[in-house]
Amino acid sequence: FQLLFPGLIGYYYYRKGNLFAALIALFFVGFSLQYTAWYLSTAHQGLILPAHKSFLGVDAIHDFNYILNAVGLLAYESLIAGLTRFIAYLIMLAAVIGMFFEAFPNKNKKRIKRGWHREKKDF
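Mapping to the numbering used here: the sequence shown position 118 is 196, numbers consecutive.
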């Protein structure tokens with residue numbers, strides 16, 4: 079839900095033709111992915127996540143430790159976390175650049191209506 083919810087909100091606003099709001103949601107997708115990268119980078123610390131690191135306040139199983147160990151990629155968790163963080167930063171940067179161009183459009187170019195709107199045809 080951490081990535082899906084802002085992604086669906088962005089898709090909703092894109093469909094409505096509000097690109098700026100969709101880009102804000104895309105920024106939050108990148109922000110959430112950056113947090114996911116941090117959590118992924120702690121997978122090497124062990125299968126049991128101590129209570130002081132769990133948001134529930136109880137000991138829990140570290141899901142990325144379990145997943146990466148099951149597929150044999152636990153040794154590469156720092157590389158995977160770094161790539162995930164890099165992708166997150168690219169998404170956030172693209173969203174900010176897109177917001178800038180959406181907020182300050184080129185006045186000489188014809189503005190394109192975005193979204194899935196049907197063209198009205200005159201007969």
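All residues carry an ideal CB built from backbone N, CA and C; glycine is no exception.
Asked, Found
"Other residues of its chain near Phe234: CB distance less than 8 Å, five sequence neighbours each side excluded", "Here the chain has residues from 79 to 201 only, and residue 234 is not among them."
"The region 87-97 touching the region 161-168, judged by at least three CB pairs closer than 8 Å", "no"
"Whole-angstrom distance between Phe178 and Asn184, CA atom to CA atom", "11 Å"
"Sequence-distant residues of its chain with Cβ nearer than 6 Å to Pro84 (five each side left out)", "Ala103, Phe106, Val107"
"Counted within 10 angstroms of its Cβ, other Cβ atoms place Leu101 as buried (16 or more) or exposed", "buried"
"Beta-carbon proximity of Leu111 to Leu86, cut-off 8 Å", "no"
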